[in-house]
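Colleague: Once you've had a glance at the structure underneath, I'll fire off some questions.
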Amino acid sequence: MYSALMIDLKKSREYSLKNRESIQQYIFQACGVLNKLFPCVREVEFSAGDEIQGLFSTPAEAYLYFRLFAMLVHPVKFRAGIGVGTWDIKIDNAGSPAQDGEVYYRARQAISEADELEGYPVLYCSGKKIDTVINSLIGGAAGMGERMNSYQNELMLLTEMLSPLDANQKLDIGSMSEIKELIAYKSEIDFYKADRKANKKYPFDSSLGDDLLDSTFRVDVAETEDTFYITSGRQRGLPSKLAGIMGISRQSVEKTLKTSNIFVARNMSISALKVMPETKDK
Numbered sequence: 013m014y015s016a017l018m019i020d021l022k023k024s025r026e027y028s029l030k031n032r033e034s035i036q037q038y039i040f041q042a043c044g045v046l047n048k049l050f051p052c053v054r055e056v057e058f059s060a061g062d063e064i065q066g067l068f069s070t071p072a073e074a075y076l077y078f079r080l081f082a083m084l085v086h087p088v089k090f091r092a093g094i095g096v097g098t099w100d101i102k103i104d105n106a107g108s109p110a111q112d113g114e115v116y117y118r119a120r121q122a123i124s125e126a127d128e129l130e131g132y133p134v135l136y137c138s139g140k141k142i143d144t145v146i147n148s149l150i151g152g153a154a155g156m157g158e159r160m161n162s163y164q165n166e167l168m169l170l171t172e173m174l175s176p177l178d179a180n181q182k183l184d185i186g187s188m189s190e191i192k193e194l195i196a197y198k199s200e201i202d203f204y205k206a207d208r209k210a211n212k213k214y215p216f217d218s219s220l221g222d223d224l225l226d227s228t229f230r231v232d233v234a235e236t237e238d239t240f241y242i243t244s245g246r247q248r249g250l251p252s253k254l255a256g257i258m259g260i261s262r263q264s265v266e267k268t269l270k271t272s273n274i275f276v277a278r279n280m281s282i283s284a285l286k287v288m289p290e291t292k293d294k
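Written out as structure tokens, the structure reads:
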């Protein structure tokens, strides 16, 4: 069993030609970084128009890729589908768009039904009853992310760099340092500049040293031991560390974390990741 990820930009033709081209160039660069962070069976790449797709060994890898992608491209709107199933037609030395099978049919079904107005910017399809639970969790988390402003989104991304979610040690934390350069590139794109307040200091405007990831604490859902509810999305001391990096008070960081529901969204993602193995046939 495999997992396919499909992501399609929403209303992309409403962008000016210049903005659409710059967004696509940025997404191309973002996928290049993410393809290093996560082990792909077939790397995520553009397939047709504004759609990207890739193939993974597990649904957790596909979802974790999607989460970081959503943070990196914010505030661009998209719909996404994650399918779980068999990989029936395998074309050697060819990318994901050339492959086919049940896993792709289910990803296509999921993305075709994803609708942010109904609270589901991303859908998960494995053919199991528990899909409804997973979709409520990942849809809710993604919806929270879409409603964040640029400052809140950057704080969530910085939180993720310091305390990344993972499943079975799949994430290459060393490659996360490339996110700093990626965000610097993003901040120079006119479309993204227009979404930022000119006189406001954003989390990634801070001096992020090369030792930023030295004290990273990985939250691996395969190893966390929550009781009858999830709390591991919030790590002790994280607000203070964020405040130190950004040069602001811990109270200010705590306020933003609370109003933007960053830890709530992380806990929802952890909950979904914990039950995803139940949708993968042995």
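Here this note's numbering is used: the first residue of the sequence shown is 13, the next is one more, and so on. A virtual CB, placed ideally from N, CA and C, is assigned to each residue, including glycine. Keep in mind that this is a model prediction, so the values were computed, not measured.
By DSSP, does residue 15 sit in helix, in strand, or in coil?
Modeller: strand
Colleague: In chain order, what are the residue ranges of uninterrupted beta strand (DSSP E) at least 3 long that sit wholly in the segment 33-99?
Modeller: 52-60, 63-68 and 90-97
Colleague: Using beta-carbon positions only, say whether residue 102 and residue 21 come within less than 9 angstroms of one another.
Modeller: no
Colleague: Put residue 104 into one of helix, strand or coil per three-state DSSP.
Modeller: coil
Colleague: Quick check: is any heavy atom of the ligand GTP less than 8 angstroms from the C-beta of residue 213?
Modeller: With respect to the ligand GTP, the structure offers nothing, as it holds no ligand at all.
Colleague: Since residue 192 and residue 220 should fall inside the 8 angstroms C-beta cutoff, what is the C-beta to C-beta distance between them, to a whole number of angstroms?
Modeller: 5 angstroms
Colleague: Can you give me the start and stop residues for the beta strand (DSSP E) that residue 134 sits inside?
Modeller: 134-137
Colleague: Go ahead and label residue 79 buried or exposed: buried means 16 or more other beta carbons lie within 10 angstroms of its beta carbon, across all protein chains shown.
Modeller: buried
Colleague: Which two residues bound the contiguous alpha helix (DSSP H) that contains residue 152?
Modeller: 143-159
Colleague: Could you tell me the distance, in whole angstroms, from the CA atom of residue 65 to the CA atom of residue 243?
Modeller: Distance between residue 65 and residue 243, taken at the CA atoms: about 32 angstroms.
Colleague: Are the beta-carbon atoms belonging to residue 74 and residue 68 less than 9 angstroms from one another?
Modeller: yes
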